[in-house]
Every structure is written in C-alpha cells, then in structure tokens.
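For the sequence shown, position 471 (counting from the first letter as 1) is numbered 1117 according to the working numbering, and the numbering increases by one without interruption.
A short worksheet on the structure shown next.
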Amino acid sequence: MAICPQCPDQDDSLEEDTMKVYSPLTLEKLARQSLLREEALAISALKDLPNILFPVMFEEAFINGHTKVLTAMIPVWPYPYLSVGMKIRNLNLETLKAMLEGLDILIAQKVRSSRCKLREIIWRKRYHDVFGICTRSYEGLPGFMTQKQPMQNSPGCGVKKELKVTTQLELMEGRLDESATYLLQWAQQRKDSIHLCCRKLNIQGLTKPPVIEIFNFLHADCVQDLELFHLRTEDLALLNPYLRQMNNLLNLKLCHIIDIPSDSEMSQLPKFQCLKSISVTSVSFIRDNLKGFLRCLKKPLDSLNITDCILSQSDLDFLPYCLNIFELKLLSLAYINLSYFHLEPLRFFLERVGHSLECLELEACGIQDSQFNNLLPAISQCFHLRDVSFCDNDFSLLFLKELLHHTAQLSQLKSEAYPAPLECYERGVILSHRLENFCPELLDILRAKRKPKEVTFETTQCSKCGGYYIYDLGSQSCIFQL
Ligand SMILES: [Zn+2]
Ligand SMILES: [Zn+2]
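See the structure below:
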C-alpha cells in the first residue's frame, strides 16, 4: 500500500478532448444519399446497382433509417453473407424488423431472383474490424471470395436450413433485449426455413424459466463462446445438461461465480470436446480444485487465464500434472496472491510449455525476488514469448536487473511490462523521480541484446486515488496516470 504525491491536490483536468474527425463527403456518397432521399427511386434502381455498391448502399440506408430500402435489398442481396457489425448506428429493433421482413419476402418467393445469393445474415458481429456492413461470414472468410463456393456449415453447427441468422445473445437476469426477444420469436415461428444460430451466449445472473426456454429453442451445439457472470455454483449445476451439449464450445469465460460446491457438483462439469480458451475471474470453487476443474478439457488448451482467484499451494503443485495444457500460448495468473507459495511447480510447468508459450502474465501476484529467481531459467527458455507482464510484484532493483538480463535473450518479445523496483517507495510514498532515474539503465540491459519495442515500468497504484506512475520506452519519461 502506497500513496502518491499527486493525491493532496489532484488535477481533474486530465480528461481528454475527444476530437471527432469528419471526412469530406465523396461525390459517390452524395449521389447515394440523394438517391436514398427518394426511397421509391432507390428501390427501383436496385436492379441496376452494381454488386460492389450493395454493401455501401445498405450501410447508408441502415444508418439513415431507410427501412423500406433495407427490406427491398434483402431478396436481391448478391453475396452469401450480410454481416451487421456491433458499432453501426441505428442498430435497433426497427432496422432488424426491416431486414427480417426482407427475409420473409425471400422465404415466400417460389422463384428467387437469380441475383440473390444470400444464405446467412449475421446480426451484431462483435469484431474490431467490423464497424458497418460487410459481406464476410462469422468466421471472417472474405465474402467476395466465398460467393462461388457452396455454403459451408461452420464447424459443428450441423443444422442445415434454407437460411441462417447468426447472432449473439445476452441474457441479463433472465431477460433479453427487445431486438433479441423479437428475433427469437420471429425465428421460432419460421423454424422450418430459418436456423437461428447463436455463436456467442452471455448469461448474467440466472433465472431458471427463461434459460430453459432459450435452450429449448436454440441449439447448444451452435455456441462457440460462452460467458457466465454472477452465478452461484448451483446455477452451474442447472446449466450442466446444456453445457454437456455444447460440443463446439471454443471459449469459456466464468466471472464472479460464488459459493463453494461439493466435489460431486464439480465433477459434473462436462468434458468439452474442443475448448481452446478458459478465462476464470473471481471464481471461488477453483481453490483446492484446479486439477478437477481442468478435467473438463479433452483437447489441448491454447489459453488459460485465471485472474483474481484464490489458489492453494496444492493447486500450483498439480499444475505441471494437469492434462491438455502443455500447448498453451497464453498463461495468466494475474491478481492471484502467490507471495507465500513455492514456485517450483510453476517452473516445471513453464519448462513444459516453453515451446508454445507466447504470453505470460504474472501481474499483481506479490512475488518476491527469491521466489521469482526460481522461474528465471525457465522463462529464458520460452523463446516464443511475445508479451510478458510482471507488474506489481515486489522486486528489488538488483533482482529486476537480473530479470532483464534473462528477458533480454527473448528475441520475439513485443510488449514487456515490469514493476518499478522496491527502491521507488519510501515509507509508503511512491518516489517517481527514482523510477525516472533507474529506467534508462534498466532499458540499456535490454538494448545491449536486442531492440526493445514496448517496454514499461509501473509503480503500484496509489491506495488513495488509484493513480500510478509509468515509465515507458516511447516517451522516456515518468508519467502519472489515473
Ligand atoms: Zn494518489
Ligand atoms: Zn448453428
């Protein structure tokens, strides 16, 4: 616990001005907009609209709420996929209804327009690169390449229907939002021709009837990403029959799961056929049970992230003997107090995953010099490491130098975060000028062996304001951050 010198009179003016950059309207855009002002004209012009302009035209109609144009474009959509990104403006019930009306026209048609290639609508695709409308599938295949290929069912979602609507659903305290509720009812009424495919399911707080109702209609097989928040372990037991059907689950995230279950409840967690990533935050039943928990794996895991949980020494002792975790690319044990632990098992473990590990996060673990010293030979053999984070551990300046001599050998490192050494604190106060003085010499240790890319040295957070000091390679100075 330390406080920072900024605390007595804090500066509130740190808020960044968010500058919005407006790009000039192109002539093409102006033409589209004037066309859309006359909806009837726009609809009649669709037959002459080149395929390549469909996505931009659709996007324009979408963000300006020209719902009639949206409906008219669906039955002549010239690509297999129509993907609507999370961040597009006007993502609401009205635009959804307009698109579904278009699908209804398509379903009712005895003979389809030869132009129409539409097989799948993806509603609310949450990827960074999808801001508006695109013609890519959920799996991110480039849409322009796939239009000549037969529709491939994505792995495991074996449901074959005429048309597919892929979405992600959030069930908050038993409730879906109005768009999701509408979509679900719409799809239920057309279940002979529409497959509603839920790739990502997020359940926060469990209310039994709505969950059962949802799983009665959705195919558990479709779910690839499952996030469970704020549940009790008995809720997990209720979900277990459905979890057991999730044969295509790739990513499982558990956050804030409370209560301590009996062993029998835990052994009920099913084996997942192809799980690639587990993320566990604030989950109490992990304690003394890591081995039992990881028994759910059937294939080698890529990513194991256990954050803000309590582990026991026996959990750590088991780690090198757990099955299916020796091809890990990411290991995070952040915010887990390891200050009283023998870390030899972690060293054995790192030796075993050294051939595959790309990201190692041991942040805020309270690890001291003598403990971490055990890990150094193993870490310096993890030649594929790209990201490491060792912030918020109790390292002396001398030891930090030793650590840097080891990480200096790791040529693939792109991002490295280290703690400010203990010498940067005195009587509970953060001394940022000392950090500023130490860092050039610390960076020189890395520079002697390779060209470092992103390197930071961070102090602990101030216990009063939560601010901290960070020295980074880019700015070469010590900056206060809140
Ligand atoms: Zn402070
Ligand atoms: Zn599906």
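Don't be surprised by glycine CBs; every beta carbon is placed ideally from N, CA and C.
Remember, predicted model here, so these are calculated numbers, not experimental data.
Proximity to Leu-1098 [Cα-Cα], best of His-1079, Cys-1085 and Leu-1119: Leu is not the amino acid found at residue 1098; the sequence shown has Pro there. It is Leu-1119 whose Cα lies nearest to the Cα of Pro-1098.
At a cut of 8 Å, does the segment 869-884 reach the segment 828-838 through at least three beta carbon pairs? no
Do you know how far the Cα of Pro-966 is from the Cα of Phe-995? Those two C-alpha atoms are separated by around 5 Å.
Cys-901 and Thr-879 closer than 8 Å at C-beta: no
Exposure of Leu-915, with buried meaning 16 or more beta-carbon neighbours within 10 Å: buried
How long is the line joining the alpha carbons of Arg-1093 and His-865, rounded to whole angstroms? 54 Å
Distance check for Gln-1055 and Gln-770, CA to CA, integer angstroms please. The question names Gln, yet the displayed sequence has Arg at residue 770. Taking the straight line from one Cα to the other gives about 43 Å.
Can you give me the C-alpha to C-alpha distance between Lys-937 and Asp-1040, rounded to a whole angstrom? 28 Å
Do Gln-1127 and ligand 1 come close, with the Cβ less than 7 Å from some heavy atom? no
Within the same chain, show all residues whose beta-carbon is closer than 6 Å to that of Leu-681, passing over the 5 residues directly before and after it, in chain order. Contacts found: Ala-688.
Is Ser-760 near Pro-721, with beta carbons less than 8 Å apart? Not in contact: Ser-760 and Pro-721 (Cβ atoms no closer than 8 Å).
Would Thr-1053 and Leu-1059 qualify as a contact pair, given that the criterion is a beta-carbon distance under 8 Å? yes
May I ask you to verify whether the segment 735-754 touches the segment 688-699, counting CB pairs closer than 8 Å and requiring at least 3? no
Spatial neighbours of Ile-709 within its chain, please: C-beta separation below 7 Å, excluding the five flanking residues on both sides. For Ile-709, where only same-chain residues beyond five positions count, the Cβ hits under 7 Å are Ile-734, Arg-735 and Asn-736.
By the 10 Å Cβ neighbour count, where 16 or more other Cβ atoms means buried, how is Ile-805 classified, buried or exposed? In the sequence as presented, Ile is not what sits at residue 805; that position holds Val. Its Cβ having fewer than 16 others within 10 Å, Val-805 is exposed.
Touching by the beta-carbon criterion (3+ pairs, under 8 Å), the segment 762-769 and the segment 849-859: no
If we count the other Cβ atoms within 10 Å of its Cβ and call it buried at 16 or more, is Asn-894 buried or exposed? Per the 10 Å Cβ criterion, buried.
Spatially closest choice to Leu-809 from Tyr-828, Thr-781, Pro-726 and Glu-816, by CA coordinates: Cα-wise, what sits closest to Leu-809 is Pro-726.
Ile-952 - partner residues in DSSP beta bridges: Its beta-bridge partners are Val-926.
Per DSSP, Lys-810 is paired with what? Looking at the DSSP assignment, Lys-810 forms a beta bridge with Glu-766 and His-841.
Leaving out the 5 sequence neighbours to the left and right, which residues in its chain are closer than 6 Å to Cys-1085 when beta-carbon positions are compared? Phe-1103 and Tyr-1117
Is Gly-1113 near ligand 1, in the sense that its beta carbon is under 7 Å from a heavy atom of that ligand? yes
Beta carbon of Gln-1107, beta carbon of Gly-1113: below 8 Å? For Gln-1107 and Gly-1113, yes; Cβs fall inside 8 Å.
For Cys-780, tell me which candidate among Arg-683, Ser-729, Asp-823 and Leu-1008 has the shortest Cα-Cα distance. Ser-729
Looking at the structure shown, is Ala-1054 part of a helix, part of a strand, or coil, going by DSSP? If DSSP states are grouped into helix, strand and coil, Ala-1054 belongs with coil.
Thinking just about the alpha-carbon of each residue, which of Ile-753, Gly-1074 and Phe-700 is nearest to the one in Trp-832? If we check each option's Cα against that of Trp-832, Ile-753 comes out closest.
Return the CA-CA distance between Leu-1128 and Cys-1111, expressed in angstroms with no decimal places. 8 Å
Got a sec? Which residues, its chain only, sit under 6 Å from Ser-925 by beta carbon, not counting five neighbours each side? Lys-899 and Asn-951
Please name the residue in Glu-674, Leu-962 and Met-703 whose C-alpha comes closest to that of Pro-724. Met-703
I need the straight-line Cα distance from Glu-705 to Leu-699, nearest angstrom please. 10 Å
Identify which residue in Gln-679, Glu-674 and Met-719 has its Cα closest to the Cα of Leu-1140. Past the boundaries of the shown model lies residue 1140; the chain is included only from 647 to 1128, so the question cannot be answered.
Is Ile-1116 close to ligand 1? I mean its beta-carbon at under 7 Å from any heavy atom of the ligand. no
Measure the C-alpha to C-alpha separation of Glu-990 and Leu-1021 and round it to an integer number of angstroms. Inter-residue distance for Glu-990 and Leu-1021 is about 7 Å (C-alpha atoms, whole angstroms).
Can you have a look at Gly-731 and say buried or exposed, based on whether 16 or more other CB atoms are within 10 angstroms of its CB? buried
Specify the secondary structure class of Cys-1124 as computed by DSSP and reduced to three states. strand
Grab the span of the beta strand (DSSP E) containing Asp-871 for me, first residue to last. 871-878
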